[in-house]
Structure formats: structure tokens, C-alpha cells
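K.L.:
Number 275 marks the last residue of the sequence shown (our numbering); no jumps.
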Amino acid sequence: MESFIEFHSRSSGIYLSVRSVLYRKRTKYQEILVFENDFFGRVLALDNLIMTTTKDEFIYHEMLSHIPMKSHPNPKSILVIGGGDGGTLREVLKYPIDKAYLVEIDEEVINVSKLFFPELSKSFDDRRVNVVIMDAIEWVKKSNEKFDVVLIDSTDPVGIAEGLISESFLENVKKLMNDISVICIQSESPFYHLEILEKIYKTFKSVFSNAYVYTAPIPTYPGGYWSFTISFIGLSVPGIRNQYTIQNLKFYNDEIYKSCFSLPQFLKERIYGIN
């Protein structure tokens with residue numbers, strides 16, 4: 001049986017057996033791979049890095065979406081940067097929003113999700129969704145839209161996604177955000193990518209004057225432990241301000257909201273300088 005190995009360092013990583021390869025193609029931007037694993041189901045990998053699986057995708061998508069959506073008192077306009085599989089869109093569309101823009105550089109990711117991940121890509125059929133196939137770095141410079149919540153659902157910040165954590169990019173995003181708004185980004189593994197997490201946190205705090213890190217367990221991501229960084233405009237600290245109730249979630253609940261900002265000591269010391 002063929003195997004898939006994603007290295008997280010020179011000497012460690014994750015191994016998945018491959019029952020069958022469903023799709024493999026190199027686009028202008030990256031290599032896309034979809035395969036079947038007996039435990040995790042269908043797996044989407046970009047440049048040999050696991051992006052999502054049918055078994056554990058709900059954790060990542062719910063935590064990237066519902067923490068910021070519940071932080072805003074009444075989110076109506078949403079911007080998703082990246083997120084071509086459609087999972088983050090699926091979650092924000094559970095709220096009574098007016099519009100959601102998704103800006104994805106590689107249209108083939110959307111096409112592949114429609115073929116192999118219908119539970120994620122069904123979100124693209126919603127009339128409130130506007131899909132833009134374009135480099136988000138360029139799009140945010142030109143757009144005149146305004147948003148309550150911005151979610152940066154990007155690949156790891158190397159290659160085509162590296163610019164999505166730059167101060168200049170975030171300043172341009174900030175111009176599109178309303179007076180009361182929230183921005184959140186996936187910010188890598190606290191174990192394997194602590195330097196990247198620290199850089200993202202410092203950049204967010206520099207641009208938005210506040211930043212907070214929260215975490216979630218995601219089995220197929222490096223270390224099985226993932227971080228997110230969130231900042232606010234017109235709001236000062238994390239808190240549940242949106243009382244709209246979402247039914248049938250699999251991971252997020254209000255207790256998770258309250259607990260996910262509690263960080264282990266090594267992270268508190270490294271990120272916040274708290275001994």
C-alpha cells in the first residue's frame with residue numbers, strides 16, 4: 001500500500017497509509033493531492049502538507065470561524081482569505097449574515113473540493129457568497145468593500161501565502177474593516193512553528209494594537225495542537241458578544257470559547273512575556 005509522509009521537522013512528521021489516490025495535479029501555484037485513508041477518510045494535501053480530512057476538518061473550521069463570529073456582536077459581512085475548500089464559509093453561513101466574500105488564488109482548490117469534499121464545498125452554492133479568484137494581496141489593495149469579520153484561512157505562511165502575514169498586507173486589510181470588527185488567522189503549531197506564531201502575534205499586535213492567541217487540538221496538523229491569533233477593532237478583549245445560537249456543531253461550544261484562550265505556561269511566557 002502506498003504511503004503519505006508529511007515531515008514536520010527533519011526527523012519527525014505524520015504517516016498515513018494511502019488506500020487510493022483520487023486526484024493529483026500541479027497547478028500554477030502548488031501541487032494538489034487527494035487520497036483516501038482508512039481512518040481519516042478523504043485527505044486534501046497542498047504541496048505535501050495536509051490541509052483537511054473528512055475525519056477532523058470540523059475542529060479547524062469551527063475554531064477558525066466561531067471564535068471570531070461569536071466575538072462580534074452582530075456580524076453581517078465576512079471576508080475569507082484563502083479557504084478554497086469551503087469549510088470556513090460553511091461555518092460562517094450558519095449565521096444570519098448578509099454577504100461573504102472568499103478570495104482564493106488557486107481556483108483548482110475550489111474545483112477539487114467540489115469534486116471530492118461536497119460537505120465543505122456546498123457553501124459555494126449559497127447566494128450570499130461572492131467568490132473572487134485572485135491574489136488576496138492585490139485584491140485588498142483595490143477593494144472598497146467593508147467587513148465585520150475577516151478570516152485568514154491560508155496555507156502555511158511560506159511561498160504563495162507568505163505575504164498574508166506581512167504588516168503591509170494587514171494594514172490594507174484593516175482599511176476594509178468596520179469600526180467594530182474582528183480579524184483572525186490560523187497561526188501554526190506552537191510546538192513546531194513557535195517562531196512563526198510569535199511573528200504573527202507581534203505583527204497583529206502592531207497593526208491592530210491588540211492580539212490574543214487561542215488553541216485547539218487538530219489530529220492531522222503538526223503536533224496535533226494548533227494556534228489561532230485574533231485581533232479586534234472597536235472591541236478590547238475576547239468575549240462572547242454574539243448571542244445567536246448555532247445548533248449541531250461538533251466541536252465549538254461556549255465553554256470551549258472560554259477555555260481556548262488559556263495557554264500553557266511555555267506559550268504564555270513566549271507570546272505574552274508572562275512568567
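Beta carbons: idealized from backbone N, C-alpha and C, even for Gly.
Are there three or more Cβ pairs, one per stretch, closer than 8 Å when the region 213–233 is compared with the region 195–205?
P.N.:
Taking 8 Å as the limit for Cβ pairs, the verdict is that the region 195–205 does touch the region 213–233.
K.L.:
State the Cα-Cα distance for the pair T220 and L235, rounded to the nearest angstrom.
P.N.:
Reading the sequence shown from its first residue, position 220 is the one you call residue 220. Reading the sequence shown from its first residue, position 235 is the one you call residue 235. If I take the Cα positions, the gap works out to 33 Å.
K.L.:
The alpha helix (DSSP H) with H66 in it runs from where to where?
P.N.:
By 1-based counting over the sequence shown, the position of residue 66 is 66. Here the alpha helix (DSSP H) through H66 covers 57–71.
K.L.:
Can you tell me whether T245 is buried or exposed? The criterion is at least 16 other CB atoms within 10 Å of its CB, across all chains shown.
P.N.:
Within the sequence shown, residue 245 is the residue found at index 245, counting from 1. Under this definition T245 is an exposed residue.
K.L.:
Straight-line CA distance for R10 to E119?
P.N.:
To locate residue 10, count along the sequence shown from 1; it is residue 10. To locate residue 119, count along the sequence shown from 1; it is residue 119. Computed Cα separation, rounded: 34 Å.
K.L.:
Under a three-way DSSP split, which group does L267 fall into?
P.N.:
In the sequence shown, residue 267 corresponds to position 267, counting from 1. L267: helix per DSSP, three-state reduction.
K.L.:
With distances taken Cα to Cα, identify the nearest neighbour of K72 among P96, I133, T27.
P.N.:
For the purposes of this step, residue 72 is taken as the residue at position 72 of the sequence shown. Here residue 72 is His; the residue named in the question, Lys, does not match the sequence. Of P96, I133, T27, the residue nearest in Cα terms is P96.
K.L.:
Just how far apart, CA to CA, sit G277 and G273?
P.N.:
No statement about residue 277 is possible, as the shown extent of the chain runs from 1 to 275 and does not include it.
K.L.:
Measuring CA to CA, which of S3, K55, E62 is closest to Q247?
P.N.:
By one-based count along the sequence shown, residue 247 stands at place 247. Of the listed residues, the one whose Cα sits closest to Q247 is E62.
K.L.:
With the cut-off set at 8 Å, would you say V182 and P68 are in Cβ contact?
P.N.:
Translated into the one-based positions of the sequence shown, residue 182 becomes position 182. Translated into the one-based positions of the sequence shown, residue 68 becomes position 68. Yes, the Cβ-Cβ distance between V182 and P68 is below 8 Å.
K.L.:
Sorry if obvious, but does the Cβ on E107 come closer than 7 Å to a heavy atom of the ligand MN?
P.N.:
The ligand MN is not part of this structure, which contains no ligands at all.
K.L.:
In whole angstroms, what is the alpha-carbon distance linking N172 and V149?
P.N.:
Translated into the one-based positions of the sequence shown, residue 172 becomes position 172. Translated into the one-based positions of the sequence shown, residue 149 becomes position 149. Looking at the two C-alpha atoms, the distance is approximately 15 Å.
K.L.:
Just the C-alpha distance for S143 and V18, rounded to the nearest angstrom, thanks.
P.N.:
Looking up residue 143 in the sequence shown gives position 143. Looking up residue 18 in the sequence shown gives position 18. The straight-line gap from Cα to Cα measures roughly 42 Å.
K.L.:
Might you give, ordered along the chain, the residues of its own chain that have their beta carbon closer than 8 Å to the beta carbon of G224, omitting 5 neighbours on each side?
P.N.:
Counted from its first residue, the sequence shown places residue 224 at position 224. Counting only Cβ-Cβ distances below 8 Å, and skipping sequence neighbours, we find P217, I218.
K.L.:
Once DSSP output is grouped into helix, strand and coil, what is the label at G82?
P.N.:
In the sequence shown, counting from the first residue as 1, residue 82 sits at position 82. In the structure shown, G82 sits in a strand (DSSP, three-state: E or B).
K.L.:
Mapping the DSSP letters down to three states, classify Y192 as helix, strand or coil.
P.N.:
Here the question's residue 192 lines up with position 192 in the sequence shown. Coil, per DSSP.
K.L.:
Verify the CB distance criterion: does V43 have a CB-CB separation below 8 Å to chain C?
P.N.:
Absent here is chain C; the protein component of the structure consists of one chain.
K.L.:
Can you pull the DSSP bridge partners for K76?
P.N.:
By one-based count along the sequence shown, residue 76 stands at place 76. In DSSP, K76 forms no bridge with anything.
K.L.:
Does the Cβ-Cβ distance between V112 and Y214 come in under 8 Å?
P.N.:
Taking the first residue of the sequence shown as 1, we reach residue 112 at position 112. Taking the first residue of the sequence shown as 1, we reach residue 214 at position 214. No; because the gap between Cβ atoms is not below 8 Å, this pair is not in contact.
K.L.:
Residues in the same chain with beta-carbon distance under 8 Å from Y212, minus the five sequence neighbours each way, listed in chain order, please.
P.N.:
The residue you call residue 212 lines up with position 212 of the sequence shown. Excluding residues within five positions, the ones whose Cβ falls inside 8 Å are T229, I230, S231, V237, P238, F261.
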